[in-house]
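Worksheet: the structure to be examined is printed underneath.
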Amino acid sequence: MDRLARARRLLHWPISIGIVGLVTAVAVLIFDPSHGTAAVMLYLLGVVVASLRLGAGPSLTTALLSVLAYDYIFIPPQFDLVITDARHLVTFSVMLLVAVVINRLARRSRDQAEAARLRERRTAALYDMSRDLGCALEREALLAAAARHIGRDFEAEVLVLVAEPALAGRFTADRSDGLVVVHRTPGAPELRDAETAATRCVWRTGREAGAGSLAYPQLSALYLPILGSRGRLGVVGVSARERRRFEDEDDRRSVEAYAAQLGLALERSLLAEHAERVRVSAETEKLRNALLSSVSHDLRTPLGAISGAASTLLAVGGSLDEPTRRELLETVNQEARRLDRRVTNLLDMTRLDAGAVSLQLEWQPLEEVVGSALAQLDQALADRKVRTDLPAILPPVRIDSVLFGQVLVNLLENALKYSPPGSPLEVTGSHDGNEVVVSVADRGPGIPPGDEARIFDKFQRSAAGRGVRGVGLGLSICRAIVGAHGGRIWAENREGGGAVFRLTLSAGVEPGGVLEKAG
Amino acid sequence: MSEGLRDTVLMIEDEPQMRRFLRAAITASGYGCLEANTGLVGLNEAATRNPAVILLDLGLPDIDGLEVTRRLRTWTPAPIIVLSARGQEVDKVEALDAGADDYLTKPFGVPELLARIRVALRHRRQQAGTATEPMVTFGNVRVDLAERKVTRGGEVLHLTPTEYKLLAVLVRHAGKVVTHRQLLNEAWGPAYAAETQYVRVYVGHLRHRLEPDAARPRYLITEPGVGYRLQLDEERVPASGGGHAP
Chain A
607 MDRLARARRL LHWPISIGIV GLVTAVAVLI FDPSHGTAAV MLYLLGVVVA
657 SLRLGAGPSL TTALLSVLAY DYIFIPPQFD LVITDARHLV TFSVMLLVAV
707 VINRLARRSR DQAEAARLRE RRTAALYDMS RDLGCALERE ALLAAAARHI
757 GRDFEAEVLV LVAEPALAGR FTADRSDGLV VVHRTPGAPE LRDAETAATR
807 CVWRTGREAG AGSLAYPQLS ALYLPILGSR GRLGVVGVSA RERRRFEDED
857 DRRSVEAYAA QLGLALERSL LAEHAERVRV SAETEKLRNA LLSSVSHDLR
907 TPLGAISGAA STLLAVGGSL DEPTRRELLE TVNQEARRLD RRVTNLLDMT
957 RLDAGAVSLQ LEWQPLEEVV GSALAQLDQA LADRKVRTDL PAILPPVRID
1007 SVLFGQVLVN LLENALKYSP PGSPLEVTGS HDGNEVVVSV ADRGPGIPPG
1057 DEARIFDKFQ RSAAGRGVRG VGLGLSICRA IVGAHGGRIW AENREGGGAV
1107 FRLTLSAGVE PGGVLEKAG
Chain B
223 MSEGLRDTVL MIEDEPQMRR FLRAAITASG YGCLEANTGL VGLNEAATRN
273 PAVILLDLGL PDIDGLEVTR RLRTWTPAPI IVLSARGQEV DKVEALDAGA
323 DDYLTKPFGV PELLARIRVA LRHRRQQAGT ATEPMVTFGN VRVDLAERKV
373 TRGGEVLHLT PTEYKLLAVL VRHAGKVVTH RQLLNEAWGP AYAAETQYVR
423 VYVGHLRHRL EPDAARPRYL ITEPGVGYRL QLDEERVPAS GGGHAP
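Chains as they are written, first to last, in the numbering used here: chain A, 607 to 1125; chain B, 223 to 468.
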């Protein structure tokens, strides 16, 4: 009982005396002491008032003092405590009895009102928690909300343990399942042997253990099972700062209700996590299948051509004329190079995915790496006019020349694939703020609207190029490499037809300037 | 090549299929052919048979190709051409800096191989004989190392001292690859070994002054991840066959 209540209680005593004094004063005023037997009603009123408002002790005191005062002042012989008429004894007893009974009734009624208010508060708190849990989407937030509510409403520290299979989405309740601590409030005590045994007991039996329970009653915390709709999920431990907390029946029922709410919300969250894992695994499976079928087809096709041509030469080469023989040999050569490019693409993508690529960054003028890429595709570009526009004032960029060169080669090859033979290509560079923008443009059919982002995904080929060969990794490799350089890459359709691929790189100021060596 | 004294090419390569086609290509071109399938055997052959050119695969089973290069360089000036897979630029650069003369990336075509061998032999002959060729021509550019004069289309070009030094290095090694480190070393000095961006910028300058189209150089070629090569017209390799669509 806190100080204020205690102080109030102390006040009851002087008040109880004061009431008697007041009643006496009024009685004397109204009634003539020699005919004042009716004054007993006033005293009775005083006793009733005292019993309604004061504690047991003070109200009995009021009764007693009222009896004495009444006897003293109104009962003959006056101003004397002697009782001559035995009927007055009945009056006195009745007054005392009234005091006791009314006091008890009043107290009970007060207690019930208090209990009802408490229950109402508890229900409201429980509703609050269930609303918060309903909003919380992910497991961590959910557990934190539940722990907060339980901690606040029971003035306790909270510990939540979940069974390992439940974390993986399997709701079996095997006795041997391990329990994992998934959340604790900052002040929650460590689990020692006894507490751990209690949690295991709760898990096994599905019944409470700890303070106020049959099992492990010596512990200061109460452990309850967390139940979902499909079975047990785990155990929640509540350590109230006030030990006697869970000896109260209402408190226990209340904390059980909280645990039930927690169980439902936790189950929902675990199921959602499980569903997400399944979805991701299905996606991965899908991607892996796409890879396998794509690899199989795109590697076997050139291999088929090579072995076919070679086998023909071996079998009937002697009877073929020279140009035909030459043609077959050309096939072997070309298809071998094609196979090499495809394998390279696959390996590059795998390395990039695995993060196994370390960039060797150096400051370079763009011109060099563009020239290098164009040189690599020299023969392929033979029938095309390639316009390059790289102003001399373009700042240098910090790139890995080999990897960035690969990006340009892929973009140019892409442009070649998706534009008609003989149509022109453009490679341009521009300076925009502190970025350098490189663009590769063609005059092909362009990109189907809406596909601009999708084409950078793995194994995507634009619908506009039906029958176009290739593994479909070129653009996703570009995106990975440009991303590793801290830049962006995107595609747009051009005015006048065709597609343009743009990428950005941070522009730099070359460090230290360049030295001119004397002599 | 003089008759009776064919230049011999030693190939140190462990893959039998590679040796088969190299052997065919080399002998058909009129060179003698020596083979070794491990590094140790290769070192032995090089010591005893004195080949004119050595083809060295970097992925040997017994000794690291780099180590073989170092050991060879302790006693033979014979040109070494290293063969290596794509993506192993670091290995190639190390081998080149350790004394190898040129490189080929697998898979490579036979015309490329023969061109490299020719360049290697030319340089060897120049070294063995008189001093380096004093005058080199490419396109309409003529570089006279003796007079320190560079002309383009007959007109004298005035290059800065560093530009000239850089060009001179490439000219002295005409046809062969020169690593960034070698260029920095010879044009700037050993202290600048790591400042690759200097080389790039100056090569850019040279391209603008000497090439018909600086953005698509024909002579001052970038070897990505490795260095640069001054490509002479007579040693230009017709692009090896192969369609462009991947």
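Each residue gets a CB set at the ideal place from its N, CA and C atoms; glycine is no exception.
Item: From Ala-437/B to Thr-918/A, what does the alpha carbon distance come to, in whole angstroms?; Value: 44 Å
Item: Quick one: which unbroken alpha helix (DSSP H) runs of 4-plus residues sit fully inside the region 334–420 of chain B? Chain order, please.; Value: 383–394, 402–409
Item: Quick one: list the residues of chain B neighbouring Thr-907/A, beta-carbon separation under 8 Å, in chain order.; Value: Ordered by position in chain B, no residue passes the 8 Å Cβ test against Thr-907/A, which lies about 12 Å from the chain.
Item: Return the chain-ordered ranges of every beta strand (DSSP E) run that is complete within the region 762–815 of chain A and spans a minimum of 3 residues.; Value: 762–769, 785–790
Item: Please tell me whether Ala-436/B has its Cβ less than 8 Å away from any Cβ of chain A.; Value: yes
Item: Which runs of the alpha helix (DSSP H) fall wholly inside the region 961–1027 of chain A and span at least 4 residues, in chain order?; Value: 972–982, 1007–1023
Item: Is Leu-945/A buried or exposed, if buried means 16 or more other CB atoms sit within 10 Å of its CB?; Value: buried
Item: Let me confirm a value: Glu-801/A is counted as buried when at least 16 other C-beta atoms fall within 10 Å, else exposed. Which label applies?; Value: buried
Item: Take the Cβ of Asp-984/A as the centre, count every other Cβ of all protein chains shown within 10 Å, and call the residue buried at 16 or more, exposed below.; Value: exposed
Item: Where does the unbroken beta strand (DSSP E) through Asn-1099/A begin, and where does it stop?; Value: 1095–1099
Item: So is Gly-361/B in contact with chain A if we call contact Cβ pairs under 8 Å?; Value: no
Item: Please report the straight-line C-alpha distance between Arg-1108/A and Ala-896/A, rounded to a whole angstrom.; Value: 28 Å
Item: What are the partner residues of Phe-1107/A, as DSSP defines its beta bridges?; Value: Val-1046/A, Ala-1097/A
Item: Could you name the residues that DSSP lists as bridge partners for Ser-1126/A?; Value: The structure shown has nothing for residue 1126/A, since chain A only spans 607 to 1125.
Item: Taking its Cβ as the centre, do 16 or more other Cβ atoms sit within 10 Å of Ala-705/A, making it buried, or is it exposed?; Value: buried
Item: Below 6 Å CB to CB, which residues in the same chain sit around Arg-1072/A once its five sequence neighbours on both sides are set aside?; Value: With a pLDDT of 49 at Arg-1072/A, under the threshold of 50, the modelled position of that residue is not reliable, and the figure given next carries that caveat. Answer for Arg-1072/A: no residue qualifies.
Item: Alpha carbon to alpha carbon, what distance is there between Leu-628/A and Pro-620/A?; Value: 12 Å
Item: If we call anything under 8 Å between Cβ atoms a contact, is Gly-652/A one with Ile-625/A?; Value: yes
Item: Using a Cβ cut-off of 8 Å, pull out every chain A residue sitting near Thr-401/B, in sequence order please.; Value: What Thr-401/B touches in chain A: nothing, since even the nearest Cβ is about 13 Å away.
Item: Around the C-beta of Met-701/A, are 16 or more other C-beta atoms found within 10 angstroms, so that it is buried, or is it exposed?; Value: buried
Item: What is the DSSP secondary structure of Ala-1113/A, counted as helix, strand or coil?; Value: strand
Item: Find the residues of chain A that neighbour Arg-308/B, judging by a C-beta separation of less than 8 Å, and give them in chain order.; Value: Thr-950
Item: From the DSSP output, read off the bridge partner residues of Cys-255/B.; Value: Val-231/B
Item: Below 8 Å on the Cβ atoms is my guess for Thr-805/A versus Gly-843/A; work out the distance and round it to an integer in Å.; Value: 7 Å
Item: Can you tell me the Cα-Cα spacing of Arg-931/A and Ala-250/B, whole angstroms?; Value: 19 Å
Item: Would you identify the three-state DSSP class for Gly-1071/A, choosing helix, strand or coil?; Value: Because the pLDDT at Gly-1071/A is just 49, under 50, the model does not fix this residue reliably, and the point stays unresolved.
Item: Where does Cys-807/A land, buried or exposed, given buried means 16+ other C-beta within 10 angstroms?; Value: buried
Item: At a cut of 8 Å, does the region 355–365 of chain B reach the region 294–303 of chain B through at least three beta carbon pairs?; Value: no
Item: By Cβ distance below 6 Å, which residues in the same chain neighbour Val-654/A in space, the five residues on each side in sequence not counted?; Value: Ile-708
Item: Suppose only complete runs of 4+ residues qualify. What are the alpha helix (DSSP H) ranges in the region 278–307 of chain B, listed by chain order?; Value: 287–295
Item: Closer than 7 Å between beta carbons: that is the criterion. Which residues of the region 309–332 of chain B meet it against chain A?; Value: Glu-311, Pro-329
Item: What are the boundary residues of the beta strand (DSSP E) that includes Gly-449/B?; Value: 449–452
Item: Using the Cα positions of Asn-1099/A and Ile-443/B, report the straight-line distance between them to the nearest angstrom.; Value: 33 Å
Item: Name the residues in the region 416–428 of chain B whose C-beta lies less than 9 Å from a C-beta of chain A; which are they?; Value: Glu-417, Thr-418, Gln-419, Tyr-420, Arg-422, Val-423, Tyr-424, Val-425, Gly-426
Item: Measuring alpha carbon to alpha carbon, tell me which of Asn-266/B, Trp-410/B, Glu-334/B, Gly-375/B ends up nearest Leu-386/B.; Value: Leu is not the amino acid found at residue 386/B; the sequence shown has Tyr there. Measuring from the Cα of Tyr-386/B, the nearest candidate turns out to be Trp-410/B.
Item: Report yes if the C-beta distance between Ala-753/A and Ala-871/A is below 8 Å; otherwise report no.; Value: no
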